[in-house]
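A quick write-up on the structure given underneath.
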Amino acid sequence: MKRKLFLFLTLFLVGIGIVTAQTQVRGTVVDEAGVPIIGATIQIKGTTQGTVTNLDGNFSLVAPAEATLVVSFVGLITQEVAVAPTVNVVLMPDTELLEEIVVVGYGTQRKRDVTSSISQIRGEDLASKASPSFMQQMAGRASGVQVIAPSGDVTQPPRVIIRGVGTISSSNAPLYVINGVPVTSGNVGYSYSNNNALADINPSDIESFEILKDGAATAIYGSRAANGVVLITTKQGKQGAAKITYDSWMGWSSAAKLYDLLNAEQFVTIANEKYTNSGGNPQAKMDDKGTDTNWYDYVFRTGFQHSHTVSISGASPQTQYFMSAGYTDQKGLSINNSYNRYTFYAKAEHKFLRDYVTAGFSLNASNQVNTGPVKGTNSISDNMYASSRMLPNVAVYNPDDPTGFNIDPNDRKSLAKGANLRTIENTIPNIVWVLKNNRQKNSSYRILPTANIDIRPVSWLMFRSLVGADVNLIDDSYVWMPESGDGFGYKGLINRSSIKRQRWNFQNILSANKSFGLHNLDATAVAEWTNYVYNRFTAGARDFSDPFFVDEIISDTYVTQSSGGSVTTNGLASYIFRANYNYNSIFYIGGSVRRDGISNLHKDNRWGTFYGGSAAVRISGLDFWKNSSINDIVSDFRLRGSFAEVGNDRLSGDFMYNDIFAGQKYGDQAGIAYYQAGNPALKWEKQKILDFGFDAAFLHNRFNLVFAYWQKDNSDIVLDVPTPPSLGIPWNVIAQNYGKINNNGIELELGGNIIQNKGLIWKTAFNFSTQQSKVVTLVNDIPYEHYILREGESMNALWGYRYAGVNMKNGNPMYYKKDGSIIQGNIANTKYYVYNPSDPADLSKASNLVQDDKEILGNSLPTWFGGWDNTVTLKNFDFNIFFRFSGGNKIANVTRRDMLDQGFTNSSTEILGRWQSESNPGDGNVPKLYYGRGGFINLTGEGSSRWIESGDFLKLQNLSVGYNFPKGLCSQLWVEKVRIYVQGQNLATFTKYSGLDPEGYTVVPGVDWNGNPQQRTFLIGLNIGF
């Protein structure tokens, strides 16, 4: 028995020793050149135990004798080695990473071989940034690209500008290409409704964006390249068994900022002061109930939004597939603003005939429904305009009124007057009634199908034939009910339009990619045809007999009916060739040429040739660099340059080369009249582009730096050139290629992994851009109310009279003349007089304020902008913080002007700083109040420096925290992965701008006029993978 016990104990202790035997491991980690790697991770496989290398690339740790060590560093291939007393590891470059693929026009390239300026945004990097629109996700994430959300209206599309303004008379939006097929973009709403065409695309279905910025990248798109190109690639199946994912988020939104308005008592004081100063009797009174209405509380609400996407994907060696279905619902801040979207997406490819042939298809189908407030800067039914001017001493509801709302019984168009002695100025209606009863709606159905067949007879040669379409059916309508508001004078008004857009695209592409030793050549030839057809039928009616059948326009329920419509068609034929050559991935040269023919121009000018070229040298690939110590720090360095001449086919009309006649009545007789004088000499707008820069990587590709200087010269811009009235040409103008614009700027992108070790990763990406746009040549000045196009000035330069403040003696507004002298505007008689500093009350010397006294007041376009994104992963947690910034521009705050009006409407609290007397002069900015003189006091209809403010800002755009469930827990839940997160969007804006948001605009960027407030949103989300 003792022997057995002794044997058992001996075997037990030996076993313990075997199990727990530990080895002290020391070693070094170096790269292929023998340079020590700082911060490489050494981890015991299957555990969380490990260490990192020091400044000399050395490490030490204790590990089980039979364990395996996993050695890794970003950009290098991970290695597994057995435990030993001494372990020296050489990590080689990760060629898969180096050969990351970038989508370019009509093909793809290795990222390291791209010699043009392309910004790439990966869908996986945006997966945690919940948003209903991918355009919003792009903001601040690529250098040279401005994405401006004009308001918090969920139906309004953002404005995207790539490297400056390219034209004057037409759109500056880039060309969007989805899976190789150009698509319709912009606001496709009609009449009073919005519809963002690109909101049809579910962001969850997007694999990547490539933004083509310089001439070498965009030239292959020829006549459509002047405003840049955005390539969108949707997801496809990845090798492996079928995977199912469910992505969902929901959130709540509130107005990031609203104006500070007068309360009821303040309104009564201010309104009566306007009247008494003008010699009238007080008109405003408080009622017995002490009514004090904040109309914003009734017009705006807490918005709610939620989105759900389910997808299934997978791939085998022969077949890959991806399918998804999505639903998004948004209730906007305004009580009648909403957005609904259903999407379905499918993409598949199959290889057959021994992989010589591949057939594929994709389909994106969607339905979106938009409802929203009336579009317009000062419409009396606009939710922002009206709610900011509603009388605060009048209640919203009145149970004694047939509608239940407070509507004036003597003028049903207007808000009731309450205890006041008069009704609101301009018969502004009860805006809550308007928003709850009138309707602006846009519904669209859209499909984006593609089909392709690829034939690869040999490994280096491929022929692809592709057909794609963009078919969009839109139903756009508005209904103004007859009880009040805009519809009252019409006894009810309805308008409905049915719109059909069809764009067909056919491509035949032959591409070759062949290496001859160290010489690498790829070439692409393309023949492409595009056809576009637009049809619209519109019917309208007024004078309802029955409001329950508002959709039956052509019926006996309406007294007055109208109809109309239009048809537009155009075509584009293109022939393209591109070739790129590199020697040993060190010396690069490439170029493309494209021949475009478009039906929008006369047959003699229909065809144009566009071209671009680039060259680059990877200095870090040369022997002197590789053998020097600088290679230890700068692991990749490449100089590049490019040039191109491209075009703009977005002329302001489809048949500007032709004389056009339009319908015109003569008395009661129908007829036609001369409407447009055609110019058969019209040709393409041209753009010449230069780009120089470098790409660098540091510390074994741990960090990267991209720099570029660019210049774009736009010429032959189509402008309306005046003609003598004696010629009898309609409007006394004819379109000609005349204008010139110059844009230039620099771009900087810096990113990398600041920290990457066991359990902690910190990735950062920073970009900064400058941009200057200048008008070079015009026929003459093109002035508008708040901005002007003038030779030598920036595009849409703000202009107006320079405000000199308030005359503290009498409360009159003062302005500078062109010669620097000051005049004052006498409010009492609306005349101008020379200001005498020694006797400010002197009104003896008459003067005037003329157009020539106006000055350039600032640049309406930002001159610098960028973004900074940081993602930290700590074990199972991830954190993201994203800032955007912009500046160098000015804003005309026209809303602020209107809210200091001298009529019988509410005002902002700024009016409390008005001049009241010589002893109580106020803030020196707001003149004396005087009923009915708002146009004179505030220079309504003219620009003024009084309303010009700085547009600089810094935004905390996104802040999120996520948690990934441990794999063990996921296994118990029968899922592959689970991530939950919370997120805040548009959390804070740091700016001196007094308006709602420095990016807000309604007419053009830089002019803020009654725009809707931006949203501040808080979200919770869930991602599940099966």
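Residue numbers (our numbering): 39 to 1064.
Don't be surprised by glycine CBs; every beta carbon is placed ideally from N, CA and C.
| Item | Value |
| --- | --- |
| Out of Leu-299, Tyr-572, Leu-556, Ser-630, which has the shortest C-alpha to C-alpha gap to Val-564? | Ser-630 |
| What separation, rounded to the nearest whole angstrom, lies between the Cα atoms of Val-759 and Ile-772? | 5 Å |
| By the three-class DSSP mapping on this structure, what secondary structure does Asn-1048 have? | coil |
| What's the C-alpha gap between Ile-216 and Ser-400? | 11 Å |
| Would you mind reading off the limits of the alpha helix (DSSP H) that contains Ser-1074? | In the structure as shown, the chain starts at 39 and stops at 1064, and residue 1074 therefore has no counterpart that could be examined. |
| Can you list, in chain order, the residues of its chain with a C-beta nearer than 7 Å to that of Ile-186? Leave out the 5 residues immediately preceding and following it. | Pro-196, Arg-197, Glu-1037, Pro-1043 |
| Rounded to a whole number of angstroms, what is the C-alpha to C-alpha distance between Val-1065 and Phe-111? | Any question about residue 1065 goes unanswered here, given that the chain covers just 39 to 1064. |
| Taking Lys-281 as the reference, which of Ser-362, Phe-342, Asn-96 has the closest Cα? | Ser-362 |
| Can you give the Cα-Cα distance for Ile-627 and Gln-158, rounded to whole angstroms? | 22 Å |
| Measuring CB atoms only, is the region 69-79 touching the region 87-95, in the sense that at least three cross pairs come out at less than 8 Å? | yes |
| Pair every Cβ in the region 635-648 with every Cβ in the region 604-612, then say whether three or more of these pairs are closer than 8 Å. | yes |
| Kindly indicate the opening and closing residues of the alpha helix (DSSP H) around Leu-473. | 469-475 |
| Strictly by DSSP, which residues pair up with Glu-725? | Before going on, a small fix: residue 725 reads as Gln here, not Glu. Answer by DSSP bridge pairing, in chain order: Val-684, Asn-752. |
| DSSP state of Phe-921, grouped into three classes? | strand |
| In the DSSP assignment, find the beta strand (DSSP E) that holds Leu-786 and state where it starts and stops. | 771-795 |
| Here's the rule I'm using: 16 or more other beta-carbon atoms within 10 Å means buried, otherwise exposed. How should Tyr-516 be labelled? | buried |
| Exposed or buried, what is Pro-467 when buried is set at 16 or more other beta-carbons lying within 10 Å of its beta-carbon? | buried |
| Using the Cα positions of Asp-1046 and Leu-895, report the straight-line distance between them to the nearest angstrom. | 15 Å |
| Report the residue from Ser-404, Pro-355, Val-407 whose alpha carbon sits nearest the alpha carbon of Glu-387. | Pro-355 |
| Can you tell me whether Ser-98 is buried or exposed, with buried defined as 16 or more other CB within 10 angstroms of its CB? | exposed |
| Are Gly-1063 and Trp-287 closer than 8 Å when you measure CB to CB? | no |
| Does the region 494-514 come within contact of the region 535-546, defined as at least 3 CB pairs closer than 8 Å? | yes |
| Between Arg-64 and the rest of its own chain, which residues show a CB-CB distance below 8 Å, the 5 nearest in sequence each way excluded? | Asn-96, Phe-97, Ser-98, Pro-123, Thr-124, Val-125 |
| Give the single residue among Asn-402, Ser-481, Asn-620 whose Cα lies nearest to the Cα of Asn-408. | Ser-481 |
| Going by DSSP, which residues form a beta bridge with Trp-542? | Ala-507, Asn-569 |
| Am I right that Ser-1032 and Trp-722 are in contact with their C-beta atoms under 8 Å? What's the rounded C-beta distance? | Actually they are not in contact, since the Cβ atoms of Ser-1032 and Trp-722 sit about 43 Å apart, beyond 8 Å. |
| Does the Cβ of Gly-701 have 16 or more other Cβ atoms within 10 Å, making it buried, or fewer, making it exposed? | exposed |
| In its own chain, which residues sit with a C-beta less than 6 Å from the C-beta of Asn-558, not counting the 5 before and 5 after it? | Asn-620 |
| Identify every run of the alpha helix (DSSP H) within the region 416-501, keeping only runs that are complete inside it and at least 4 residues long; order them along the chain. | 421-425, 469-475 |
| With a Cβ-Cβ cutoff of 8 Å, do Gly-527 and Met-519 count as a contact? | no |
| Any chance the region 976-996 sits against the region 913-924, with 3 or more Cβ pairs inside 8 Å? | yes |
| For the alpha helix (DSSP H) containing Thr-283, list its first residue and its last residue. | Looking at the DSSP string, Thr-283 is not in any alpha helix (DSSP H); the run it does join, the beta strand (DSSP E), is 278-293. |
| Report the three-state DSSP secondary structure of Gly-317 (helix, strand or coil). | coil |
| What do you get for Val-964, buried or exposed, if any count of 16 or more other CB atoms within 10 angstroms of its CB means buried? | buried |
| Determine the burial state of Ile-671: buried for a count of at least 16 other Cβ atoms within 10 Å of its Cβ, exposed for fewer. | exposed |
| Report the option in Arg-984, Ile-929, Ser-753, Gln-725 whose CA atom is closest to the CA atom of Asp-252. | Gln-725 |
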